[in-house]
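Only one structure is covered here, and it is reproduced in the block below.
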Amino acid sequence: MNGEAAPPGFGARFLAFPDLFPARRAGESWGDRRLAFDLPGGPYLAAGLSAAQAAAAEERFGELCRPPRAGDGDGVETRLFAVAPSDFLAVDTRGWEYALDFDYAPAAVRIAGIRLMARIDWARSLSAALWTSEDGGAAGDLFPGIFENFLRVVVAYRLLEAGGLVVHSAGVVDAGAAYLFLGRSGAGKTTLSRMSERAGRTVLSDDLNALLPDAAGGLRVEKLPFTGDVGERRKAAPPFPLALLLRLEKGAENSLQPLSKAGAAAQLLACAPFVNRDTHRRELVEATAAELAGAARAGVLAVSLCGGVWDTLRGGTP
Amino acid sequence: MSAHEITGPGIDSTTRLRRQSDIRFRVVDGEAVVVRQGAAEVLVLNETASRLLELADGTSPLSALAAALQAEFEVAPEVLAADVVAGAGELVAAGLLEVVG
Amino acid sequence: MSFGRVLAKTWEDNLLFSALVELTYRCNLDCFFCYNDLGAAGKPLSREQYFAFFADLADLGVLNLTLTGGEPLAHPDFLALGRKARELGFVLRVKSNGHALRGELARRLREEVDPFLVEVSLHGATAATHDRQTRVPGSFERLLANLEEMRRLGLRVKVNSTLTAWNEGEIEAMFDLVESLGLNFQVDPEVTARDDGSREPLSVAPTREGILRLFAVQEERGRRWREAQASGGVGAELAAAPALSSGSAIGKGADDGTMPVAPQKHCGAGSSGIAVDPYGNVYPCVQWRRPVGNLHERSIREIWTGSNDLDDIRALTARAKQVVDGYGEAGALLNFCPGSAATFGGDPLAVYPQALRRMELAQEAQRSGPAGKKVLLPIV
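Quick note, the sequences are listed as chains A, B and C, same order.
In terms of my numbering, the first sequence opens at residue 1 and continues consecutively.
In terms of my numbering, the second sequence opens at residue 1001 and continues consecutively.
In terms of my numbering, the third sequence opens at residue 2001 and continues consecutively.
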């Protein structure tokens, strides 16, 4: 079922006729191209793309994007549909931070954004649909950004099914293990990422990383192609065992303090975008955060302007 | 019943008539099928009335419509003229045409 | 002259008179029993192609144009197409779920398109039942509110419903509800299979008792209406209209489903009507999903006059008449549809179980109607 008494004005910022928001995965496709994306929780399948959209997606996601194969059957499928620019309002993004509109329901999530309408449904298994007016052809076309914004949400829900979370974080590899620095915008993730990269470490992403349980009872960090300013966007990377889960703070000097399981769970919850506001899956999200926090070594890392963060990390034990 | 009584006052060969805005019609084998949308009513017109309906664009007087029809129907002019006025009156009474001011 | 005779002529002489156009399969509701084939694919028609198509229809003499879907208002060019339809003089019907018909969109529909009729669907007398079908919570209350707004704007509206196992228990309440809104109500007692052949919608087919109850309610309401007419109540002004003189240039009918006089075919599918899907595929009617051409490849005039498939369809509708006539007087009670037959079992001439059941139940309803009085069944 779709949104019950949808939040006042759902889609009103973006859509010319919010009442016409699609309630089922149907419409007229852009084309007949199909692609698969090898992201954590994948493969993610997309069908109904135009040739231009497919080319734009291949360009954006590089080796993470490929033609579908026989074994992809159980992947999460998104169908793309064409709508006209007149379905959308002209949006001036100056002066405010662009955020998607969500309408959460027991068996579906509706999403509205700039030139974007999408839904994620749990009729039998997770599936999705995206309606956009961007055909991927023109220079400056918004399609890559639209598709990425949408894919971020789908991946978040798919990983939740797998017992994991997409987390606002900087993910940095040191000595074969991944450190996850949790923090919302402005916490210092990108600064830390740049600094780490200059010092020769691999940055997975300075924006979003995937945290999942592994078979042995520990945790692993998987790279997502969703970055801010730092991190590879078009190539795969192996998963890394989680070394430390760290709440990032600014401080007068560097320090590493313990973080309780509850504190770590709260931090994961706060940094899990899209799903953490879904009241219909709240229990699942909280339980997942608690499970992940329970399996992690966690701490609070205060970072000063003086540098030497990695010495602090290596030298200290939370 | 005189032609005047059928048509009502005000309709003669100088009258200009046009189709009411809420009617829709098509001609099927010479007969016009007309829908009066407001009344949800369907009417079927004979050949003469159908042609009258097609020609009544509000600009030409009935005499001109009769002259146009003269070329199509082998009828004595005075008979056709009377038929046209009578027919026009019926179409006005039926709500298909209106007198142009 | 009579409308029935004109209709018969269109059937006999293959004069295209009615066209139903599915503009899009996008929909803002998600009705469980929807017949759309959501797996259908192809290249949508452009606005210019629709304009040319509509012009061709007008040239061919088409009077009735129905825009449907999915939800036709969800098509990006709906208002432009509606304006064009108005300009070309069609009697335009819009089949909408009504969910978005409020505010600016409703106002623009009235001012710019001014359709002959907006047909909306009601699935129950309660929110629980209606929303169960649409699978959009709040859709019932929204529809009622929008109907009120549509009437205030002067839109002409008719309410349709399909009888299902879910709503058959509240059919009287549905009639009462629509009557309280001052609108016409038409109920179809049959759920059809999906256009892709899936019989899933049939899982909510009404029961025998439900269909009999519907027939009884329809008879009762029809009787009440006729009595009201006769006694000067609602509709009396129509009944009392003075008869036209015998020399009248005008024959009268009504938009009540008048049937052709002495037809040689079972129906007008492919003879006087067509349906078109969002990808330009042309079908004999909305129910008969055998494509007879595609508007990307040929104009409707070329298809209408040159399609071998249409010739076949026309021959089949003549044979369908013989099949139905084989049932004698009861044949009409089958409400047989060759398109439904083709979708259900592949053979457009095979009388399918729902039709047989309909005939049996209609006969039963006739037997149990007021003594000596034939129960009048609506033509669907």
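Ideal Cβ placement from N, Cα and C applies to all residues, glycine included.
1) Since I believe Leu256/A is in contact with Gly299/A (beta carbons under 8 Å), could you give me their beta-carbon distance rounded to a whole number of angstroms?
2) On a Cα-Cα basis, can you pick out the residue from Thr191/A, Leu116/A, His168/A that is closest to Gly183/A?
3) Is Ala129/A near Phe88/A, with beta carbons less than 8 Å apart?
4) Would you say Glu1031/B and Val2006/C are within 8 Å of each other, going by their C-beta atoms?
5) When the cut-off is 8 Å and only beta carbons count, does Lys2265/C lie next to chain B?
6) Using only the alpha-carbon positions, how far apart do Asp2325/C and Ala2332/C sit?
7) Report the partner residues of His168/A according to the DSSP bridge assignment.
8) Starting from Ala1094/B, find everything on chain C with Cβ-Cβ shorter than 7 Å and list it in chain order.
9) Of all Cβ atoms in chain A, is any one closer than 8 Å to the Cβ of Arg2223/C?
10) Whole-angstrom Cβ separation of Leu56/A and Gly136/A, contact assumed at under 8 Å?
11) State the beta-bridge partners of Arg2221/C as determined by DSSP.
12) In chain C, what lies closer than 7 Å to Val83/A by C-beta?
13) Strictly below 9 Å CB to CB, what residues from chain B border Lys2009/C?
14) Name the residue from Thr2024/C, Met2150/C, Leu2163/C whose alpha carbon lies nearest to the alpha carbon of Thr2129/C.
15) Leaving out the 5 sequence neighbours to the left and right, which residues in its chain are closer than 6 Å to Thr1014/B when beta-carbon positions are compared?
16) To be precise: take each residue of the segment 2079–2092 of chain C, compare its Cβ to all Cβ atoms of chain B, and keep it if any distance is under 7 Å. Which residues remain?
17) What residues of chain A sit near Thr2024/C, judged by a beta carbon separation below 9 Å?
18) Give me the subset of the segment 20–54 of chain A whose CB atoms are less than 8 Å from a CB atom of chain C, sorted by chain position.
19) Are there 16 or more other CB atoms within 10 angstroms of the CB of Met2174/C, so buried, or fewer, so exposed?
20) Considering Ala108/A, what are the terminal residues of the beta strand (DSSP E) in which it resides?
21) Taking Cβ-Cβ distances shorter than 7 Å, what residues in chain A pair up with Ala2127/C?
22) Relative to the C-alpha of Cys2034/C, which candidate in Asn2335/C, Gln2287/C, Thr2317/C, Asp2056/C has its C-alpha closest?
23) Comparing the C-beta of Asp141/A with each C-beta of chain C, is any distance below 8 Å?
24) What residues from chain B crowd round Val2006/C, counting only those whose CB sits closer than 7 Å?
25) Just to make sure I have the definition right: I need the residues of chain B whose C-beta is within less than 7 Å of the C-beta of Leu2212/C. Which are they?
26) Taking C-alpha atoms, which residue in Pro22/A, Asp74/A, Leu35/A lies nearest to Glu59/A?
27) List, in order along the chain, the chain C residues whose C-beta lies closer than 7 Å to that of Ala1081/B?
28) Hey, is Asp101/A's beta-carbon within less than 8 Å of any beta-carbon in chain C?
29) On a Cα-Cα basis, can you pick out the residue from Lys2043/C, Asp2059/C, Val2276/C that is closest to Thr2066/C?
30) Taking C-beta to C-beta, are Lys261/A and Glu63/A nearer than 8 Å?
31) Between Thr2207/C and Arg2289/C, which are expected to be in contact by the criterion C-beta below 8 Å, what is the C-beta distance as a whole number of angstroms?
32) Which residues, taken in chain order from the segment 1047–1061 of chain B, show a beta carbon closer than 8 Å to some beta carbon of chain C?
33) Can you find a C-beta in chain B that's less than 8 Å from the C-beta of Ser2096/C?
34) Please check if any C-beta of chain B sits within less than 8 Å of the C-beta of Phe2344/C.
With the structure as the only source:
1) Taking the first sequence and counting its residues from 1, the one referred to as residue 299/A is at position 299. Taking the first sequence and counting its residues from 1, the one referred to as residue 256/A is at position 256. For a cut-off of 8 Å, the C-beta gap from Gly299/A to Leu256/A is around 5 Å, short enough to register as a contact.
2) The residue you call residue 183/A lines up with position 183 of the first sequence. Of the listed residues, the one whose Cα sits closest to Gly183/A is His168/A.
3) Counting from 1 along the first sequence, the entry for residue 129/A is found at position 129. Counting from 1 along the first sequence, the entry for residue 88/A is found at position 88. Against a cut-off of 8 Å, the Cβ pair of Phe88/A and Ala129/A comes out as no contact.
4) Position 31 of the second sequence, counting from 1, holds the residue named residue 1031/B. Position 6 of the third sequence, counting from 1, holds the residue named residue 2006/C. A contact, by the Cβ cut-off of 8 Å.
5) In the third sequence, counting from the first residue as 1, residue 2265/C sits at position 265. Not one chain B Cβ lies under 8 Å of Lys2265/C.
6) Walking along the third sequence from the start, residue 2325/C turns up at place 325. Walking along the third sequence from the start, residue 2332/C turns up at place 332. Computed Cα separation, rounded: 8 Å.
7) Working through the first sequence from its first residue, we reach residue 168/A at position 168. Leu208/A, per the DSSP bridge assignment.
8) Position 94 of the second sequence, counted from the first residue, corresponds to residue 1094/B. Correct list: Ile2250.
9) Residue mapping note: residue 2223/C aligns to position 223 of the third sequence, counting from 1. Closer than 8 Å: no.
10) Translated into the one-based positions of the first sequence, residue 56/A becomes position 56. Translated into the one-based positions of the first sequence, residue 136/A becomes position 136. Leu is not the amino acid found at residue 56/A; the sequence shown has Ala there. Yes, they are in contact, since the Cβ atoms of Ala56/A and Gly136/A sit about 4 Å apart, within 8 Å.
11) If you number the third sequence from 1, residue 2221/C lands on position 221. Arg2221/C pairs with nothing; no bridge assigned.
12) For the purposes of this step, residue 83/A is taken as residue 83 along the first sequence, with counting starting at 1. Per Cβ cutoff of 7 Å: Pro2076.
13) In the third sequence, the residue the question calls residue 2009/C occupies position 9. Ordered by position in chain B, the residues that pass the 9 Å Cβ test against Lys2009/C are Val1028, Asp1029, Glu1031.
14) Taking the first residue of the third sequence as 1, we reach residue 2129/C at position 129. Thr2129/C has its Cα closest to that of Leu2163/C, out of Thr2024/C, Met2150/C, Leu2163/C.
15) What you label residue 1014/B is simply residue 14 of the second sequence in a count that begins at 1. These residues qualify, in order along the chain: Pro1061.
16) Within the segment 2079–2092 of chain C, contact with chain B at the beta-carbon level (separation under 7 Å) is assigned to Gly2089, Phe2090, Val2091.
17) Mapped onto the third sequence, residue 2024/C falls at position 24. In chain order: Ala26, Gly27, Glu28.
18) Leu20, Phe21, Pro22, Ala23, Arg24, Arg25, Ala26, Gly27, Glu28, Ser29, Asp32
19) In the third sequence, counting from the first residue as 1, residue 2174/C sits at position 174. Met2174/C should be labelled buried.
20) By one-based count along the first sequence, residue 108/A stands at place 108. Ala108/A -> beta strand (DSSP E) spans 108–113.
21) Against the third sequence, residue 2127/C aligns to sequence position 127. None at all; the shortest Cβ gap to chain A is about 11 Å.
22) By one-based count along the third sequence, residue 2034/C stands at place 34. Of the listed residues, the one whose Cα sits closest to Cys2034/C is Gln2287/C.
23) Translated into positions along the first sequence, residue 141/A becomes position 141. Chain C, which has no Cβ nearer than 8 Å to the Cβ of Asp141/A, makes this no.
24) Indexing the third sequence from 1 puts residue 2006/C at position 6. Chain B residues near Val2006/C: Val1028, Glu1031, Val1033, Val1044.
25) Residue numbering aside, residue 2212/C sits at position 212 when the third sequence is read from its first letter. In chain order: nothing, as chain B lies at least about 30 Å away.
26) Residue mapping note: residue 59/A aligns to position 59 of the first sequence, counting from 1. Nearest in C-alpha terms to Glu59/A, of all of Pro22/A, Asp74/A, Leu35/A, is Leu35/A.
27) Taking the second sequence and counting its residues from 1, one reaches residue 1081/B at position 81. By Cβ distance, chain C contributes nothing, its closest Cβ being about 15 Å from Ala1081/B, past 7 Å.
28) Counting from 1 along the first sequence, the entry for residue 101/A is found at position 101. Not closer than 8 Å to any Cβ of chain C, the Cβ of Asp101/A fails to qualify, so no.
29) By 1-based counting over the third sequence, the position of residue 2066/C is 66. Ranking the options by Cα distance to Thr2066/C, first place goes to Val2276/C.
30) Position 261 of the first sequence, counted from the start, is the residue given in the question as residue 261/A. Position 63 of the first sequence, counted from the start, is the residue given in the question as residue 63/A. It is not a contact, given that the beta carbons lie outside the stated cut-off.
31) On the third sequence, residue 2207/C is found 207 positions in, with the first residue counted as 1. On the third sequence, residue 2289/C is found 289 positions in, with the first residue counted as 1. That pair is no contact at about 27 Å.
32) Thr1048, Ala1049
33) Along the third sequence, one-based indexing puts residue 2096/C at 96. No, its Cβ sits nowhere closer than 8 Å to a Cβ of chain B.
34) Reading the third sequence from its first residue, position 344 is the one you call residue 2344/C. Cβ-Cβ to chain B under 8 Å: no for Phe2344/C.
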